[in-house]
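1 is the number of the first residue of the sequence shown in UniProt numbering; add one for each residue after it.
Contents: one structure, followed by commentary.
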Amino acid sequence: MDWLTPEAWSAVVLSLRVSLTATLVSLPLGVFVAHALARWSFPGKQVLNGLVHLPLILPPVVTGYLLLLTFGRQGPVGGFLDQCCGIVFAFRWTGAALAAAVMAFPLMVRAIRLSIEAVDPGLEQAAATLGASRLWVFATVTLPMILPGILTGAILAFAKAMGEFGATITFVSNIPGETQTLPSAIYAFLQVPGGEGTAIKLVLVSVAVAMAALLASEVLAARMARRLSGT
1 MDWLTPEAWS AVVLSLRVSL TATLVSLPLG VFVAHALARW SFPGKQVLNG
51 LVHLPLILPP VVTGYLLLLT FGRQGPVGGF LDQCCGIVFA FRWTGAALAA
101 AVMAFPLMVR AIRLSIEAVD PGLEQAAATL GASRLWVFAT VTLPMILPGI
151 LTGAILAFAK AMGEFGATIT FVSNIPGETQ TLPSAIYAFL QVPGGEGTAI
201 KLVLVSVAVA MAALLASEVL AARMARRLSG T
């Protein structure tokens, strides 16, 4: 693509890869946590809720540093994964996906939780009285009704992951071709003479992708809602 330099185009492709990976890997956990917060009562529920939303409150650099301390090769989790499984997050694109997932997770959970809370609990209770297990009630009653919320949460998380910068650059640095995502590339091009033109092009790409994701979220969620309502 002549409109972008190979380095800039590489950053766009890597951002899409990181964002898709972050969204798809965290989605099952997001649905589980949202359902737990919306429907269950258990000790530490408010603590879990606070931990889920903590990345929205903390400075992204702090989140990235905490990820480095935890998932770096010298960290308790990162060191264990490196020794036992050969999985490395720090300064790898997988670490960029992890940072993006952590930062986007609150938005995903919030959207799905609101969708679950909008479902009439009586419908779930009616299914349970017929002998259905919790898992079967969720799969056959709750899940079909919250699909628009799941889709909205996933797309919002994808858009957030595409724009993540602070936690990513702190955790995995800004390595071209490995961890240099779209925001990191914009920052890098703004630091060199004559790089403003490429930076502006990347800004336009970033805005276009974010707007497309948000519009897709609205359109697909509305279509799913109409299909579920039978109109």
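Ideal placement from N, C-alpha and C gives every residue a C-beta, glycine not left out.
Through-space distance from residue j to residue i, alpha-carbon basis
| i | j | result |
| --- | --- | --- |
| R17 | G177 | 12 Å |
| G95 | I200 | 26 Å |
| M1 | V137 | With a pLDDT of only 47 at M1, under the threshold of 50, the placement of this residue in the model should not be trusted; the figure read from the coordinates follows. Distance between the alpha carbons of M1 and V137 is about 49 Å. |
| A188 | P28 | 34 Å |
| E196 | G50 | 40 Å |
| F71 | L215 | 35 Å |
| L69 | M162 | 23 Å |
| V192 | V207 | 22 Å |
| T5 | L204 | 15 Å |
| A126 | G149 | 22 Å |
Minimum C-alpha distance to residue i - residue among the options
| i | options | result |
| --- | --- | --- |
| R113 | F165, L147 and K201 | L147 |
| A128 | V13, L214, A216 and T142 | T142 |
| Y65 | S217, L98, V207 and E117 | L98 |
| A101 | G30, G79 and Q83 | G30 |
| L202 | S217, Q125, W40 and T181 | T181 |
| I155 | L220, A8 and V62 | L220 |
Distance CB(residue i)-CB(residue j) smaller than 8 Å
| i | j | result |
| --- | --- | --- |
| F105 | S15 | no |
| L151 | M211 | no |
| P59 | M103 | no |
| S184 | T168 | yes |
| L37 | K45 | yes |
| A157 | L107 | yes |
Whole-Å CB distance - residue i paired with residue j, under 8 Å assumed
| i | j | result |
| --- | --- | --- |
| R73 | V88 | 7 Å |
| L67 | F171 | 5 Å |
| F91 | S173 | 6 Å |
| V52 | V33 | 6 Å |
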